[in-house]
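A.B. asks: Residue numbers (the UniProt record's numbering), protein chains in the order written: chain Y, 1 to 229; chain B, 1 to 229. Beta carbons: idealized from backbone N, C-alpha and C, even for Gly.
Protein chains: 2
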Amino acid sequence: MATGHEHTVKAFDQDISQLRALISQMGGLAEQAIHDAMKALSRGDTALAKEVRKKDKQIDAIEAELEKLIVRVIALRAPMADDLREVIAALKIAAVIERIGDYAKNIAKRVPMIHTEGEDRIEAISILPAMAQLASDMVHDVLDAFSARDAEAAARICERDNALDDFYDSIFRTLVTFMVENPRTVSQVAHLLFVAKNLERIGDHATNVAEMVYFAATGRYLADETATG
Amino acid sequence: MATGHEHTVKAFDQDISQLRALISQMGGLAEQAIHDAMKALSRGDTALAKEVRKKDKQIDAIEAELEKLIVRVIALRAPMADDLREVIAALKIAAVIERIGDYAKNIAKRVPMIHTEGEDRIEAISILPAMAQLASDMVHDVLDAFSARDAEAAARICERDNALDDFYDSIFRTLVTFMVENPRTVSQVAHLLFVAKNLERIGDHATNVAEMVYFAATGRYLADETATG
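Rendered as structure tokens:
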């Protein structure tokens, strides 16, 4: 009996490890996608932008694989309480990472509309890479926190989201001013507004994952902690 | 034995009915939120906009309730194959509806930034309600298709997403032209660009739900059908 139970536990732990490995893999691809999309944007490299859009299918494929694995894990192991919660959390985190990948893909999609033929280089682009770095660092660090099940690291990531929001507000104002002063480029700069918004949303999603990591590690909601302390 | 099995089946059916009722309730609230957000936008009614933002918490609360119910259903009933897939689909559909609510909330959030004091009425607002109607009809109809498990109705909703995308492209161009001609209102109209984008995303999400409804009803992926047919 004891051996049978041990076997089941071990199998479940292996399933969880596999789930976590798939999530890390998705996260790495999403981080790379942000990096490549911004590189394509800065350089006007439409070939690289196309590559980012194509590679997004890999992220979607891993999410689909992960979902199948989860259905199998639940059906075969019938996990209880905490274990089940961990499995459901994996499903939710994967969905959030898939969305981060979508935002990167959306940035890549805008590259040809921003670098239109015959147009001068849009100076306003130069303010975006620093914001992108902030957002992609949040994604990187939340994946580390997830791997290490590190609640404190997760909490620190949530704090950084405010800085990213301020950055976004400032860029919004800068781009609006730029549009007013350069009416010829309004269409391209409007696309840059969406790029900035996508980066801000990437930060929101990294924060969502951080909150899930915090909850999984401590059983407490981070929002409650910060509201009271 | 037979009675015991019947009991379990009945209890599971009741759980599923409850899950579906919660999803319909969320959907109704999301549809109302789109409607109210657009009314607030058209009239510059910041009090109504605030109401929409407050009410979004109800949608979030139902999603949280639904998640708890799902964990309980899986733990207690240990559903197999098809049943488990239906439960997981409910979790995913609820997450999408929660996002639709978020987009409506985001539109409401922009109302005070679009109707700034001392500014003239931004004429460009008048082109958005028709697009909003299209998007909110898609949400309404996909919820009907979900309730009726109607695969054909779900397929028709996906077709309408192209019309909404074209509408968005046309509005994007109109708003850009408006900005060029009215540099004084660039900031407000930039917020309108995001409103239009939110409506376009609502349509994307209604389409996602329609695809899930189609798959649940037929066991086939809609994308495969339309690709070959």
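Can you give me the C-alpha to C-alpha distance between Y/Ala75 and B/Leu143, rounded to a whole angstrom?
C.D. replies: Within the first sequence, the letter at position 75 stands for residue 75 of chain Y. Within the second sequence, the letter at position 143 stands for residue 143 of chain B. C-alpha separation (whole angstroms): 28 Å.
A.B. asks: According to the Cβ coordinates, are Y/Ile171 and Y/Ala94 closer than 8 Å?
C.D. replies: Within the first sequence, the letter at position 171 stands for residue 171 of chain Y. Within the first sequence, the letter at position 94 stands for residue 94 of chain Y. In this structure, Y/Ala94 does not lie closer than 8 Å to Y/Ile171 by Cβ.
A.B. asks: For B/Met113, count the other beta carbons within 10 Å of its own beta carbon; 16 or more makes it buried, fewer makes it exposed. Which is it?
C.D. replies: Counted from its first residue, the second sequence places residue 113 of chain B at position 113. So B/Met113 ends up on the exposed side.
A.B. asks: By alpha-carbon positions, which one of Y/Ile88, Y/Arg53, Y/Asp56 and Y/Arg121 ends up nearest to residue 296 of chain Y?
C.D. replies: The first residue shown for chain Y is 1 and the last is 229, placing residue 296 of chain Y beyond what the model contains.
A.B. asks: Taking the alpha carbon of Y/Lys197 as the point to measure from, which residue in Y/Ile62, Y/Leu175, Y/Glu67 and Y/Glu63 has its own alpha carbon closest?
C.D. replies: As a first step, residue 197 of chain Y is located in the first sequence; it is residue number 197 there, counting from the start. Of the candidates Y/Ile62, Y/Leu175, Y/Glu67 and Y/Glu63, the one whose C-alpha sits nearest the C-alpha of Y/Lys197 is Y/Leu175.
A.B. asks: Can you list the residues of chain Y that B/Val186 reaches, using a CB-CB cut of under 7 Å?
C.D. replies: To locate residue 186 of chain B, count along the second sequence from 1; it is residue 186. In chain order: Val176, Met179 and Val180.
A.B. asks: How long is the line joining the alpha carbons of Y/Ala81 and B/Asp60, rounded to whole angstroms?
C.D. replies: Taking the first sequence and counting its residues from 1, one reaches residue 81 of chain Y at position 81. Taking the second sequence and counting its residues from 1, one reaches residue 60 of chain B at position 60. Approximately 22 Å, taken between the alpha carbons.
A.B. asks: For the alpha helix (DSSP H) holding residue 246 of chain B, just list the boundary residues, first then last.
C.D. replies: This structure leaves residue 246 of chain B out entirely; chain B is present only between 1 and 229.
A.B. asks: For a test of the three-state rule: what should DSSP assign to B/Thr116, helix, strand or coil?
C.D. replies: Numbered from 1 along the second sequence, position 116 holds the residue referred to as residue 116 of chain B. Coil at B/Thr116, not helix or strand.
A.B. asks: Quick check: residue 232 of chain Y and Y/Thr46, are their CB atoms within less than 8 Å of each other?
C.D. replies: Any answer about residue 232 of chain Y is impossible in this case: the structure gives chain Y only from 1 up to 229.
A.B. asks: Measuring alpha carbon to alpha carbon, tell me which of B/Ala132, B/Val52 and B/Glu67 ends up nearest B/Lys105.
C.D. replies: Here residue 105 of chain B refers to the residue found at position 105 of the second sequence. For the residues B/Ala132, B/Val52 and B/Glu67, the minimum Cα distance to B/Lys105 belongs to B/Val52.
A.B. asks: Quick check on this structure: which residue in B/Arg184, B/Arg72, B/Asp137 and B/Ile97 has the alpha carbon closest to the alpha carbon of residue 230 of chain B?
C.D. replies: Past the boundaries of the shown model lies residue 230 of chain B; chain B is included only from 1 to 229, so the question cannot be answered.
A.B. asks: Work out the CA separation of B/Phe194 and Y/Phe194 for me, nearest whole Å.
C.D. replies: Here residue 194 of chain Y is taken as the residue at index 194 of the first sequence, counted from 1. Here residue 194 of chain B is taken as the residue at index 194 of the second sequence, counted from 1. Approximately 8 Å, taken between the alpha carbons.
A.B. asks: In chain order, what residues of the region 67 to 81 of chain Y put their CB closer than 9 Å to some CB of chain B?
C.D. replies: Here the close residues are Glu67, Ile70, Val71, Ile74, Ala75, Ala78, Pro79, Met80 and Ala81.
A.B. asks: Report the rounded CA-to-CA distance for Y/Met131 versus B/Asp150, giving the unit in angstroms.
C.D. replies: In the first sequence, residue 131 of chain Y corresponds to position 131, counting from 1. In the second sequence, residue 150 of chain B corresponds to position 150, counting from 1. Answer to the nearest angstrom: the Cα atoms are 45 Å apart.
A.B. asks: Could you pull the start and end residues of the alpha helix (DSSP H) that Y/Val198 belongs to?
C.D. replies: Start at 1 with the first residue of the first sequence, and residue 198 of chain Y comes out as number 198. For the record, residue 198 of chain Y in the displayed sequence is Asn; it is not Val. First-last of the alpha helix (DSSP H) with Y/Asn198: Val186 to Thr218.
A.B. asks: Relative to the alpha-carbon of B/Arg20, which residue among B/Val87, B/Ala30, B/Lys54 and B/Asp36 has its alpha-carbon at the smallest distance?
C.D. replies: The residue labelled residue 20 of chain B in the question sits at position 20 within the second sequence. For B/Arg20, the nearest C-alpha among the options comes from B/Val87.
A.B. asks: Run through chain Y and tell me which residues come within less than 9 Å of B/Phe194, C-beta to C-beta.
C.D. replies: For the purposes of this step, residue 194 of chain B is taken as residue 194 along the second sequence, with counting starting at 1. The answer, in chain order, is Leu193, Phe194 and Lys197.
A.B. asks: Who are the Cβ neighbours of residue 232 of chain B in its own chain at under 6 Å, not counting the five residues just before and after it?
C.D. replies: Because chain B is modelled from 1 through 229, residue 232 of chain B falls outside the range shown and cannot be assessed.
A.B. asks: Enumerate in chain order the residues of its own chain whose CB-to-CB distance from B/Asp141 is below 6 Å, with the five nearest sequence positions on each side excluded.
C.D. replies: Counting from one through the second sequence, the residue named residue 141 of chain B turns up at place 141. These residues qualify, in order along the chain: Ile157.
A.B. asks: If the cut is a Cβ gap below 9 Å, which residues of chain B does Y/Ala11 touch?
C.D. replies: Here residue 11 of chain Y refers to the residue found at position 11 when the first sequence is read from its first residue. Result: empty, since nearest Cβ-Cβ is about 16 Å, beyond 9 Å.
A.B. asks: Can you check whether the C-beta of B/Leu84 is within less than 8 Å of a C-beta belonging to chain Y?
C.D. replies: The residue labelled residue 84 of chain B in the question sits at position 84 within the second sequence. Yes, B/Leu84 counts as interfacial toward chain Y.
A.B. asks: Specify the secondary structure class of B/Ile122 as computed by DSSP and reduced to three states.
C.D. replies: As a working mapping, residue 122 of chain B is identified with position 122 in the second sequence. Here B/Ile122 sits in coil by DSSP.
A.B. asks: Quick check on the burial criterion: 16 or more other C-beta atoms within 10 angstroms. Buried or exposed for Y/Asp165?
C.D. replies: Working through the first sequence from its first residue, we reach residue 165 of chain Y at position 165. Counting Cβ neighbours within 10 Å, Y/Asp165 comes out exposed, since fewer than 16 surround it.
A.B. asks: Can you tell me whether B/Gly44 is helix, strand or coil according to DSSP?
C.D. replies: Residue numbering aside, residue 44 of chain B sits at position 44 when the second sequence is read from its first letter. Three-state result, B/Gly44: coil.
A.B. asks: Whole angstroms is fine: what's the gap from B/Ala187's alpha carbon to Y/Arg173's?
C.D. replies: Walking along the second sequence from the start, residue 187 of chain B turns up at place 187. Walking along the first sequence from the start, residue 173 of chain Y turns up at place 173. Reading off the sequence, residue 187 of chain B comes out as Ser, not Ala. Roughly 8 Å between the two C-alpha positions.
A.B. asks: What residue from Y/Arg72, Y/His35, Y/Glu159 and Y/Tyr103 has the CA that sits closest to Y/Gln18's CA?
C.D. replies: In the first sequence, the residue the question calls residue 18 of chain Y occupies position 18. It is Y/Arg72.
A.B. asks: Starting from B/Ala30, find everything on chain Y with Cβ-Cβ shorter than 8 Å and list it in chain order.
C.D. replies: Taking the second sequence and counting its residues from 1, the one referred to as residue 30 of chain B is at position 30. By Cβ distance, chain Y contributes nothing, its closest Cβ being about 18 Å from B/Ala30, past 8 Å.
A.B. asks: Measure the Cβ-Cβ separation of Y/Ile125 and Y/Ser42 and say whether it is below 8 Å.
C.D. replies: For this step, residue 125 of chain Y is matched to residue 125 along the first sequence. For this step, residue 42 of chain Y is matched to residue 42 along the first sequence. A contact, by the Cβ cut-off of 8 Å.
A.B. asks: Report the option in B/Pro129, B/Lys92, B/Leu48 and B/Arg110 whose CA atom is closest to the CA atom of B/Ala206.
C.D. replies: Within the second sequence, residue 206 of chain B is the residue found at index 206, counting from 1. Minimum Cα distance to B/Ala206 is reached at B/Lys92.
A.B. asks: Which of the residues in the region 94 to 120 of chain Y, read from start to end, lie with their CB under 7 Å from any CB of chain B?
C.D. replies: Residues Ala95.
A.B. asks: When we look at the beta-carbon of B/Asp36 and count the other beta-carbons within 10 Å, is it buried (16 or more) or exposed?
C.D. replies: Looking up residue 36 of chain B in the second sequence gives position 36. B/Asp36 is buried by the Cβ-count criterion.
A.B. asks: Provide the residue span of the alpha helix (DSSP H) that contains B/Met179, from first to last.
C.D. replies: In the second sequence, the residue the question calls residue 179 of chain B occupies position 179. From DSSP, the alpha helix (DSSP H) with B/Met179 extends over Ala151 to Glu181.
A.B. asks: What separation, rounded to the nearest whole angstrom, lies between the Cα atoms of B/Ala216 and B/Glu63?
C.D. replies: Locating residue 216 of chain B in the second sequence gives position 216, counting from the first residue. Locating residue 63 of chain B in the second sequence gives position 63, counting from the first residue. So the two alpha carbons sit approximately 20 Å from each other.
A.B. asks: Mapping DSSP to helix, strand and coil, what is B/Gly229?
C.D. replies: Here residue 229 of chain B refers to the residue found at position 229 of the second sequence. Its pLDDT being 39, under 50, B/Gly229 is placed unreliably in this model, and the value from its coordinates should be taken loosely. Here B/Gly229 sits in coil by DSSP.
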